[in-house]
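Top line first, the protein sequences correspond to chains A and B. The opening position of the first sequence corresponds to residue 1462 in this note's numbering, with each subsequent residue numbered one higher. The opening position of the second sequence corresponds to residue 1462 in this note's numbering, with each subsequent residue numbered one higher.
There are 2 protein chains.
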Amino acid sequence: MKLFDPLKIGAMTIQNRIMVPAMVTHLCKEDGIVTQDTIDRYVRYAAGGAGLIIVEAMAIHQVKSGPLLRISDDKYIQGLRELTHRVHATSDSKIVPQIIHFLKVARTGWRQTADMLSLEEIDQIVEQFGDAVLRAREAGFDGAELHSAHAYTLSSFLSRANPRTDEYGGQTLEGRLRLIGRVIENVRRKAGADFPLGVRINVEEFIKDGYTVVDSKLIAERLAELGVSYISLSAGGKFEDAVHTPGQVLYPYNGYSGDRCMPGDWLPRGLHASLAAEVKTHLLTKGHRVPIAAAGKLDAPQDAERLVAEGSVDIVGIARGLLADPDWPIKVKRGELDRIVQCDYCNVCKALDGTHRTVICALWPQGSIQAPKDDPSVQAPQWADAEKSLTAISKESRVELKWPKAPGATIYQVYRTSEPDGPQMIDAVKVTFWVDNAVLGGHKYRYFVRPCAATGTPGQRSNTTIVDVPAPAYLPPR
Amino acid sequence: MKLFDPLKIGAMTIQNRIMVPAMVTHLCKEDGIVTQDTIDRYVRYAAGGAGLIIVEAMAIHQVKSGPLLRISDDKYIQGLRELTHRVHATSDSKIVPQIIHFLKVARTGWRQTADMLSLEEIDQIVEQFGDAVLRAREAGFDGAELHSAHAYTLSSFLSRANPRTDEYGGQTLEGRLRLIGRVIENVRRKAGADFPLGVRINVEEFIKDGYTVVDSKLIAERLAELGVSYISLSAGGKFEDAVHTPGQVLYPYNGYSGDRCMPGDWLPRGLHASLAAEVKTHLLTKGHRVPIAAAGKLDAPQDAERLVAEGSVDIVGIARGLLADPDWPIKVKRGELDRIVQCDYCNVCKALDGTHRTVICALWPQGSIQAPKDDPSVQAPQWADAEKSLTAISKESRVELKWPKAPGATIYQVYRTSEPDGPQMIDAVKVTFWVDNAVLGGHKYRYFVRPCAATGTPGQRSNTTIVDVPAPAYLPPR
């Protein structure tokens, strides 16, 4: 598989094209120092074999912001060095921190915007980014990634909604590019041009008057001219359409742009892959071979392989899929696709992030704050009688499925077969029932359920049940 | 060109694949009766040769709503018959009205939502749609189109955000489909199953928690099962993200979903074509050959031809492009591409709609409420010295262009050449200057300007000017 071809990213070589994008964990405390839980989270990804692990955003400044990692002072280097050391001792995975500056938010819903920064504050941000990346180098990271996506400072300057009217302003593309350009120049000077430096940007903002791929192609071109080591493409996640919950600070992932950034189960697979491919094509046309990473529901192994094989992207970012199962890379490499604990895009992880709680996957065993260790010796869950395990009835335009507990199972994967796509996992649950609200009357649906151990060890699939959903009265007979 | 292959749509055959989608004109009065101006608008499209003309939405009910056509009573038939008669007397174009029901809105920002309708009111809507389509048949239309897209009643029921909890509710796909299903059944019974009936839906809603192509594939499948004659795909245009202007009723096209529905110049060409192609593929897989129309910045002739030729869609909807130049079809057919008055997506038409004023194109001659008649005898505009007409300077990360007036020109088309795409028209203006805010420093840009008569007769292009935009200080020398 092309997904397992190594890739040189500046001075660093990753062993495969699989990236864990930055995901908030809330595993540290308000002091922003790496904890044992933080280390355990990233060591787990390393054990699973991801080529590139991006550590959750760490702040270059000291503004209060809950349990968020910091790299704003030399005192943080020690903890970060322990993190990189432990990851490097585990596998060949490369580890890179995401470096962030964010503007202020208040519980009233107020937020600081790009136009409220003085030129002196901008100069300070430029210097702080350089200092932070130098600390990342000293802490043993393999590179650094600047967070210029979503709702944060660098992205707010890049935005088509940038309200400034000076030389950093939204009136011109060059004005919007000036801050990230100066930051990169400062980082290169302080941390060394040989230190791998990636930048994450939005391929589209997905907000009213926001930028689209028309601009992101040019933004990426400028980043390539600046010699960045890779460009990682995300989408949305903006304050502009965030819904304010009274008494809470704005959460930039609960509007439509948030739906695009962390797409739930009703959004299509690989929803931004074609936009990323457009950026890649544009760069190649302009003679730039900088690696491009994409993300957005790319956890189906065949999708990930296809994108890399056809050259649409160079690196596949899989956030929630690898949260659910950090062993996705080794399982895919070994062809053990049926042993993957597949993300069902329920977005419990997103809800935990939005309420500042420790981010876990709902598919992990109850009470765990880390993914269970893979253990091939775990016995496959077994139904007393697999062939009589699943029953289904059609009721009021729904299909209701139920099945008995299978000893040893913590997860039940629900599959629906609809020709010609073959069986698709449509949900993964810990209970023993499921309701399908998305059926068309007048059609037959086939379902089966597969019990899984927490480690992904699959049991025998249930019987396949066929449900004939009655046609609505208004539909003419076929 | 495949674009000019005829297509059978039920009992009607269109002479080419070019459709004028429904566009509000505000050319009638509050009484909702067809005026001479209304007739002139549609006769102009017929003269231009569009295969299928969809007349702006006409209401099946009597709720007050400004200058909007009505089909809610037999008294409207006479005016509509005059309209169809005049269009049919002009060319082979087929003419189909868009039939609409909408919920109430108030200047306070309040709006009626789907869950406020009683079952009796729903039954009445079902009957009103049937009565309206029968009237359309009696008025001599070639078919009818149900408006089940954007912010209106049928779409609000189809929506994933449908808040009802009864059998018309958003809990199940079948619940969301029930109203449109019943409407179609009623229309077929009252107006005849042989009367061509199209339905326009959103391919995606582009709002928080809204539906995506995952659902629109199934919605289209149901419409195909109901035997509709064509399915027209639009996008967005929802109340949910509309921005309320104090004292005005909500306008469902001024949020992000409105950006998607009537995309401005910063959104990419053909931005929903791949989603439409997904729906088409799904239907073919399920054995449904119902024609699919798509829309969204499809006015580049090569894009329109490619989509039809590759079978991605059957009909290409071009709204603003045909508003700018109703002769687009005959000019493309004759290969007179340089005579097209190209839409520049300035969205003055959208702003006029949003403020309830007569919708015109900003490229038409000052004061016109209709597109000028084509007249090949119009003299080409001429500069005194075309080779010395255009000057350009780079200033503060912008490029400023200016040129003298060319006698006979009403429009100046500004072209930028950036390898390898070839020259692209980047704007069309009536003034004699233009500023390019979207340049990258460190690059050379080439521009030329072409003067056009109001009818599209092009003058000689200006000299091509090359502008070297200085690189920003932070960019390393190449």
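Positions of the beta carbon are idealized from the N, C-alpha and C atoms, including for glycine.
- Excluding the 5 residues flanking it on each side, A1780(B) has same chain C-beta neighbours closer than 6 Å at P1482, M1484, in chain order.
- Residue pairing by DSSP places C1913(A) opposite I1872(A), P1919(A) in a beta bridge.
- For S1773(A), there are no C-beta contacts with chain B under 8 Å, since the nearest C-beta of that chain is about 13 Å from it.
- Residues of the segment 1895-1916 of chain A that bring their beta carbon within less than 8 Å of a beta carbon in chain B comprise N1898, A1899, V1900, L1901, G1902, G1903, in sequence order.
- Interface annotation for the segment 1660-1681 of chain B against chain A: F1667, I1668, K1669, D1670, G1671, Y1672, T1673, V1674, V1675, D1676, L1679, criterion Cβ-Cβ distance under 8 Å.
- Secondary structure at E1635(A): helix, using DSSP grouped into helix, strand and coil.
- The alpha-carbon of H1705(A) is positioned some 9 Å away from that of P1713(A).
- In summary, the residues of the segment 1729-1755 of chain B whose CB is separated from some CB of chain A by less than 7 Å are P1729, S1735, T1746, in the order they occur in the chain.
- I1801(A) carries a coil assignment under DSSP once its states are collapsed to helix, strand and coil.
- Along the segment 1709-1729 of chain A, going in chain order, the ones with a CB nearer than 7 Å to a CB of chain B are G1716, Y1717, D1720, W1727, L1728, P1729.
- Cβ contact annotation for I1515(B) (same chain, cutoff 7 Å, sequence separation greater than five): M1480, V1481, P1482, A1483, V1557, Q1559, E1606, in chain order.
- With 16 or more neighbouring CB atoms inside 10 Å of its own CB, G1540(A) falls in the buried class.
- Across the set P1919(B), R1818(B), A1755(B), V1504(B), the C-alpha of P1919(B) shows the shortest separation from the C-alpha of V1839(B).
- Counted as a single uninterrupted DSSP element, the stretch harbouring D1764(A) is not any beta strand (DSSP E) but the alpha helix (DSSP H) occupying residues 1762-1770.
- Identification of chain A residues near Y1935(B) by a Cβ-Cβ cut-off of 7 Å yields G1642, R1643, E1646, ordered along the chain.
- Taking a contact to require three or more Cβ pairs closer than 8 Å, the segment 1668-1681 of chain B and the segment 1739-1750 of chain B qualify as touching.
- The C-beta distance from I1692(B) to I1753(B) rounds to 5 Å, short enough to meet the 8 Å contact threshold.
- A distance below 8 Å separates the beta carbons of S1850(B) and N1924(B).
- L1619(A) and I1641(A) have their C-alpha atoms roughly 8 Å apart.
- Linking I1586(B) to P1624(B) through their CA atoms gives a straight-line distance of about 18 Å.
- Measuring C-alpha to C-alpha distances from A1934(B) to each of A1841(A), L1687(A), L1468(A), D1492(A) identifies L1687(A) as the nearest.
- Using a Cβ distance threshold of 8 Å, D1603(A) and M1473(A) count as a contacting pair.
- Listed by position along chain A, the residues whose Cβ is nearer than 8 Å to that of R1621(B) are W1727.
- The Cβ neighbour count for F1894(A), taken over all protein chains shown within 10 Å, is under 16; the residue is labelled exposed.
- Within 10 angstroms of the beta-carbon of R1800(A) lie 16 or more other beta-carbons, which makes it buried.
- Within the segment 1706-1776 of chain B, the complete alpha helix (DSSP H) segments of 4 residues or longer fall at 1717-1722, 1734-1746, 1762-1770, listed in chain order.
- Linking V1860(B) to K1469(A) through their CA atoms gives a straight-line distance of about 38 Å.
- Close to L1634(B), with beta-carbon spacing below 8 Å, are these residues of chain A in chain order: S1858, N1898, A1899, V1900, L1901.
- Every candidate alpha helix (DSSP H) stretch fails here, since none sits fully inside the segment 1837-1869 of chain A while reaching 4 residues.
- Judged by their CB atoms, A1870(B) and P1826(B) are not nearer to each other than the 8 Å cut-off.
- A residue is called buried once 16 or more other Cβ atoms fall within 10 Å of its Cβ, and S1609(B) is buried on that count.
- In this structure A1785(A) is in contact with C1804(A), their Cβ atoms being roughly 4 Å apart against a cut-off of 8 Å.
- At a cut-off of 8 Å between beta-carbon atoms, E1686(A) makes contact with chain B.
- Inside the segment 1623-1705 of chain A, DSSP marks whole beta strand (DSSP E) runs of 3 or more residues at positions 1658-1663, 1691-1695, from first to last along the chain.
- In terms of beta-carbon proximity, D1702(A) lines the interface with chain B, with at least one pair separated by less than 8 Å.
- With the rule of 3 Cβ pairs closer than 8 Å, the segment 1634-1654 of chain B counts as touching the segment 1579-1594 of chain B.
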